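K.L.:
Dumping the structure here so I can ask a few things about it.
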Amino acid sequence: MAEYETEEEQVEALKAWWKKNGNSVIGGGIIGIASIFGWKYWEQQQDLHNLAGSDKFNEMRGAILLQDQQAIALQATELKENYGESSYATLGALMLAKISVQEEDYVAAAENLEWVISNTDQDALVTVARIRLARVLLAQGELAQAESLLKQDYPQAYSSLVAELKGDLWQQKGDKQAAYDAYQEALQSAASGDVRFIQMKQDNLGLVAKS
3 MAEYETEEEQ
13 VEALKAWWKK
23 NGNSVIGGGI
33 IGIASIFGWK
43 YWEQQQDLHN
53 LAGSDKFNEM
63 RGAILLQDQQ
73 AIALQATELK
83 ENYGESSYAT
93 LGALMLAKIS
103 VQEEDYVAAA
113 ENLEWVISNT
123 DQDALVTVAR
133 IRLARVLLAQ
143 GELAQAESLL
153 KQDYPQAYSS
163 LVAELKGDLW
173 QQKGDKQAAY
183 DAYQEALQSA
193 ASGDVRFIQM
203 KQDNLGLVAK
213 S
């Protein structure tokens, strides 16, 4: 609004401005208030949804403690289908993959692990899913796909596990020397834990260390 010389002129100008713009101001205010309440409602619904997902995840944990495979699969499936945007769904999919491997259903296991890779932005869970998927692909004999996964970059903490899987890959491909070298790398990079199984794999190749 422009400068006015008298208070009376300012009042008249304000009346004219309000007559012209009052409805839009009121409408904008109503929209603003509605937006605030709408956002609050959305936040509340999200909180309730996340809480329900947490409860469902706790139910799955209880089933795991009871070793009830049917209940575990049921809760994990519901997490994946109804809470797909949450970390709970990712953990549910990992559990479904584990159950599928135990049942030697490698197709279903691979599908769940691929779902994890595609649906989470948590690097740690993606890494776990990739390594497990490589193992599943090796079990299926899908060597080219497994090799492609194992060529990707992994955190240092997983170097021994990845090297071991590379040893399994080379063994299946018939390259005993490459397998031996990969197992040796796995043994050397193992920070701690029982490495007897890796050692057994290497010994079964019937080779000796290079001098």
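Each residue of the sequence shown is one higher than the last, beginning at 3 in the numbering used here.
Where a beta carbon is used, it is the ideal one built from N, C-alpha and C, also for glycine.
These numbers were taken from a predicted model, which means no experiment stands behind them.
(1) I want to know whether the region 73 to 80 touches the region 98 to 107 - three or more CB-CB distances under 8 Å.
(2) Hey, I200 and A188 are a contact pair by Cβ (cut 8 Å); roughly how many whole angstroms apart?
(3) Just the Cα atoms here: how many angstroms apart are E113 and V138?
(4) Starting from V197 and walking both ways along the alpha helix (DSSP H), at which residues does that stretch end?
(5) Hey, how far is the Cα of D107 from the Cα of Q186?
(6) Is A126 buried or exposed, if buried means 16 or more other CB atoms sit within 10 Å of its CB?
(7) State the DSSP-derived secondary structure class of N206, mapped to helix, strand or coil.
(8) Per the contact definition of three or more C-beta pairs closer than 8 Å, is the region 143 to 156 in contact with the region 191 to 200?
(9) Threshold first: 4 residues or longer. Then list the alpha helix (DSSP H) segments lying entirely within the region 66 to 104, N to C.
(10) If I'm right that L151 touches L163 with Cβ under 8 Å, what's the distance once you round it to whole angstroms?
(11) Count the other CB atoms, across all protein chains shown, that sit within 10 Å of the CB of S88; report buried if there are 16 or more and exposed otherwise.
(12) Would G94 be called buried (16 or more neighbouring beta carbons within 10 Å of its own) or exposed?
(13) So, are the CB atoms of Q179 and L209 less than 8 Å apart?
(14) Within a Cβ cutoff of 6 Å, which residues of the same chain sit near E61, ignoring the five residues on either side of it in sequence?
(15) How long is the line joining the alpha carbons of Q71 and A211, rounded to whole angstroms?
(16) Where do the N-terminal and C-terminal ends of the alpha helix (DSSP H) with Y160 fall, by residue?
(17) Straight-line CA distance for L207 to Q142?
(18) Whose C-alpha, out of L81, S161 and K175, is nearest the C-alpha of A148?
P.N.:
So, from the listed chains and residues:
(1) yes
(2) 5 Å
(3) 10 Å
(4) Careful: V197 lies outside any alpha helix (DSSP H) and carries neither H nor E.
(5) 31 Å
(6) exposed
(7) coil
(8) no
(9) 71 to 84 and 89 to 104
(10) That belief does not hold up - the Cβ atoms of L151 and L163 are roughly 13 Å apart, past 8 Å.
(11) buried
(12) buried
(13) yes
(14) Q77
(15) 44 Å
(16) Y160 -> no alpha helix (DSSP H), and no H or E assigned at all.
(17) 21 Å
(18) K175
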